[in-house]
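Protein chains in written order, with the working numbering: chain X, 1 to 281; chain E, 1001 to 1329. No residue lacks a Cβ here, since even glycine has one placed at the ideal position from N, Cα and C. Only one structure is covered here, and it is reproduced in the block below.
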């Protein structure tokens, strides 16, 4: 074999090896993180975790009931506010303003909000909600989550509606269906699994979000349902417990972390399966 | 048919007009609901900017531009002395190191997924990498705190010191007592967190390369690496840079993972194994207990971070948009 060709082959093999190593590296991290979480968290997964409230310092019994309930409440309200807004906004971008100047501006701003640091959202809600309301509240936390949900849903809604073939809309219009019903009855229905995927992804995104809750919902040690007061929530509780000196609190933090991760991964995988079904059709 | 004409007779012109006007009302309502929702996206951005400026105003008035190059951070002094140099340094250094690690690895995975990987393995590996992006950042923080930190402090750092001890510059970069909390630990976690962004965007843009180009290169005898280096990467350069900038925007603003493991020290140290802080970590760990000028200073830090990430993300989007129009042609 001629030496130049041999050298090129050698380089090729080296780079291929490095690429395989890189892929192995990425997969290894995921595996390492999951294994650590399972190893540390699984022993704390019992019924008490879901039925007892967070324990006072030094105590060795208690669970995460208040934090789990608080997280679910805030996530549901956040998605409940953010998802419809995002859905409508995405609808405008894809259906009404497809060739609008305004649309390209909104799309650009939305893409920036999509990746904006979540702690900035927390600062925004602190200034816009917590200060005027004179106090931390679960409502502020939920609004912060809603602000994070909106750009995710806008993006997926627009993408999914743009995939709906135009002849479908034209056929419906030709039958005399008004524009809003063309969108609601035809476009939404054709893009349904994609729209649900977007909402699921947004839920997964906010379920583990910690930074914007730190100084909006704060967190506390009690079980409460009032939206006007601070509310315990899983991410901030984990954050506080990890840095504590108590072994039992750390154990609870690991179990909570496992819980969040499994929830988020389940939502992500569910969303992907839904999305895959769509593209396979 | 008789039955049908009866129905039409019964309906009459009045009902038809009513139905049409109901449709029209529904149409207009729906149009405005969606339009206002779309505009609310702009309002959110405006709200963020205004609330940050209003909140930061006392600190801007007190410190002015000197905020940018003061290193001292003494919120409990009277009057408080606040400077952004420490957090800014930490933010930039951790993001820089993170990108240094994540760019080659992320591109490597993308090349593997598009050029080398057998078809059946493509989906599982792609999915695993994307799931990395889904894991909440607090989990990365815990992991860095309990697992990666001890490993770096007990094994990796002594090893680096033994290699580079006495070497100018490099010796100083790796010097210092072992600590679980360090800039390097934070940077490594950041690298893992932004990896999926670089990989998934690179895979997407690699797919836009026309197969004809690659086939031609293979046809004249190029190896896989030569095809990637001379055809795929030059063709997709703008997209790759866009993806990298997007990842950089994420790294700059990442909060919880970094807060756990960076040590929250405002002092600037030449060693990357020393504790430090970033803008987001400083806000996360101090904001809830702050008030007055201290709080305003933290909001000003937030404003700096927002401006920084805004420009990085805007540049990223512009590049990716340029590529989209090119692919659309």
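{"Item": "Beta carbon of residue 1135 of chain E nearer than 8 Å to that of residue 264 of chain X", "Value": "yes"}
{"Item": "Under 8 Å (Cβ pairs) to chain E, residues found in the segment 170 to 197 of chain X", "Value": "178, 179, 180, 181, 183 and 184"}
{"Item": "Euclidean distance between Cα positions of residue 1107 of chain E and residue 1021 of chain E", "Value": "57 Å"}
{"Item": "Listed by chain order, chain X residues near residue 1134 of chain E by CB distance under 7 Å", "Value": "204, 264, 265 and 268"}
{"Item": "Contacts that residue 1255 of chain E makes with chain X (C-beta to C-beta distance below 8 Å)", "Value": "117, 118, 119, 210 and 211"}
{"Item": "DSSP-derived helix/strand/coil call for residue 1276 of chain E", "Value": "strand"}
{"Item": "Buried versus exposed, by CB contacts within 10 Å (16 or more), residue 1119 of chain E", "Value": "exposed"}
{"Item": "Integer-rounded CB distance, given that residue 129 of chain X should sit under 8 Å from residue 146 of chain X", "Value": "Residue 146 of chain X to residue 129 of chain X, Cβ: 11 Å. No contact."}
{"Item": "Residue 1264 of chain E classed as buried or exposed, judged by whether at least 16 other C-beta atoms fall within 10 angstroms", "Value": "buried"}
{"Item": "Exposure of residue 1018 of chain E, with buried meaning 16 or more beta-carbon neighbours within 10 Å", "Value": "exposed"}
{"Item": "Proximal residues of chain E, C-beta to C-beta of residue 29 of chain X below 7 Å", "Value": "1132 and 1192"}
{"Item": "Distance CB(residue 1041 of chain E)-CB(residue 113 of chain X) smaller than 8 Å", "Value": "yes"}
{"Item": "Positions along the segment 1213 to 1228 of chain E whose CB lies within less than 9 Å of some CB in chain X", "Value": "1221, 1222, 1223, 1224, 1225, 1226 and 1228"}
{"Item": "Cβ of residue 20 of chain X within 8 Å of any chain E Cβ", "Value": "yes"}
{"Item": "Residue 17 of chain X in three-state terms, based on DSSP", "Value": "helix"}
{"Item": "Near-chain X residues of the segment 1030 to 1048 of chain E (beta-carbon distance less than 7 Å), N- to C-terminal order", "Value": "1030, 1031, 1033, 1034, 1035, 1037, 1038, 1040, 1041, 1042, 1044, 1045, 1047 and 1048"}
{"Item": "Per-residue burial, residue 1089 of chain E [other beta carbons within 10 Å of its own, 16 or more giving buried]", "Value": "buried"}
{"Item": "Cβ-Cβ distance between residue 201 of chain X and residue 271 of chain X below 8 Å", "Value": "yes"}
{"Item": "Proximal chain E residues relative to residue 7 of chain X, where beta-carbon distance stays under 7 Å", "Value": "Those do not exist, as residue 7 of chain X stays about 10 Å from chain E at its closest Cβ, beyond 7 Å."}
{"Item": "Listed by chain order, chain X residues near residue 1309 of chain E by CB distance under 7 Å", "Value": "116 and 117"}
{"Item": "Assumed close pair residue 1086 of chain E, residue 1073 of chain E - CB separation to whole angstroms, cut-off 8 Å", "Value": "6 Å"}
{"Item": "Beta carbon of residue 1160 of chain E nearer than 8 Å to that of residue 1242 of chain E", "Value": "no"}
{"Item": "Backbone CA spacing between residue 1275 of chain E and residue 1228 of chain E [nearest angstrom]", "Value": "39 Å"}
{"Item": "Contained alpha helix (DSSP H) runs [length at least 4] in the segment 127 to 177 of chain X, N- to C-terminal order", "Value": "138 to 163 and 166 to 174"}
{"Item": "Contacts that residue 1016 of chain E makes with chain X (C-beta to C-beta distance below 8 Å)", "Value": "Going along chain X, no residue has its Cβ under 8 Å from residue 1016 of chain E, so there is no contact; the nearest lies around 12 Å."}
{"Item": "Within chain E, the residues that residue 248 of chain X reaches when beta carbons sit closer than 7 Å", "Value": "None at all; the shortest Cβ gap to chain E is about 16 Å."}
{"Item": "Short Cβ contact (8 Å threshold) for residue 1056 of chain E with residue 1300 of chain E", "Value": "yes"}
{"Item": "Delimiting residues of the alpha helix (DSSP H) encompassing residue 1204 of chain E", "Value": "1183 to 1206"}
{"Item": "Beta-carbon gap between residue 211 of chain X and residue 119 of chain X smaller than 8 Å", "Value": "yes"}
{"Item": "Ordered list of alpha helix (DSSP H) runs contained in the segment 1061 to 1131 of chain E, each at least 4 residues", "Value": "1085 to 1111"}
{"Item": "Contact with chain E by residue 111 of chain X, beta-carbon distance below 8 Å", "Value": "yes"}
{"Item": "Amino acids of chain X, ordered along the chain, whose beta-carbon sits closer than 8 Å to that of residue 1145 of chain E", "Value": "242"}
{"Item": "Three-pair Cβ contact test at 8 Å for the segment 1172 to 1186 of chain E versus the segment 1109 to 1125 of chain E", "Value": "no"}
{"Item": "Near-chain E residues of the segment 130 to 160 of chain X - C-beta to any C-beta below 9 Å", "Value": "131, 136, 147, 150, 151 and 154"}
{"Item": "Residue-chain proximity (residue 1319 of chain E, chain X), Cβ-Cβ < 8 Å", "Value": "no"}
{"Item": "Residue 205 of chain X burial status per 10 Å Cβ neighbour count (16 or more: buried)", "Value": "buried"}
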